[in-house]
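Residue numbers for the sequence shown follow the working numbering, so the first one is 518 and each next one is one higher. Encoded as structure tokens, the structure appears first; notes follow it.
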Amino acid sequence: MDEKDTVILRELQKNGRITAGDIAVMLEVDENEVENRIAALHAAGILRRCTAVIDYSAAGVEEVAVILSLKITPERGLGYDGIAAQIARFPQVESILLLTGTYDLQVIIRGQSMSEVSRFVAEQIASIEGVRETMTQIVMRTYKEQGVEMMRPGSRDRQLITF
């Protein structure tokens with residue numbers, strides 16, 4: 518990893534569709550060098566994936582996001598990693614963070630309805646051995662996602678939340 522790799526990563530993070538040619542112009546290097554560096558960053562596991570940031574609300578797609586905070590009893594020899602790995606295997610789980618403070622893990626979960634997410638938390642997450650306590654918070658509105666502002670000018674829509 519050098520300064521050029523850092524620039525490449527930052528540019529890809531800002532815009533996953535930026536071309537190697539555009540980055541090459543910024544860095545004043547050959548396009549092939551940028552392509553090779555991107556391939557090396559993928560191979561090293563540094564660059565995991567380039568994804569789209571989607572405003573599901575603007576698309577008219579129903580989606581519920583929750584922030585799930587967990588108190589965990591660490592496993593001998595694994596600490597929090599074993600439970601985090603169990604939780605990570607579920608496709609509803611968007612991210613898992615190890616925290617300091619009152620709760621140990623923070624899990625971002627997305628689903629199509631509140632009842633679907635509630636069922637998932639109760640049946641799949643809360644039942645994992647070592648999960649001592651859960652606190653679920655409903656995301657009412659997303660203002661910024663992965664560095665992208667999600668606010669639409671003039672939009673003050675309120676979401677209807679049903680259980």
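Where a beta carbon is used, it is the ideal one built from N, C-alpha and C, also for glycine.
What number of angstroms, rounded off, separates the C-alpha of residue 639 from the C-alpha of residue 529?
37 angstroms
Contact under 9 angstroms by Cβ, residue 575 with residue 611
no
When the Cα atoms are used, what is the spatial distance from residue 587 to residue 646?
12 angstroms
Drop a sphere of 10 angstroms on the beta-carbon of residue 626, count the other beta-carbons inside from all chains shown, and report buried for 16 or more, exposed for fewer.
buried
If I measure Cβ to Cβ from residue 558 and keep anything under 6 angstroms in the same chain, skipping five residues before and after, which residues do I get?
564
Once DSSP output is grouped into helix, strand and coil, what is the label at residue 636?
helix
7 angstroms CB neighbourhood of residue 568 in its chain, flanking five on each side removed
533
By the three-class DSSP mapping on this structure, what secondary structure does residue 651 have?
strand
Which class does residue 583 belong to by DSSP, given the choice of helix, strand or coil?
strand
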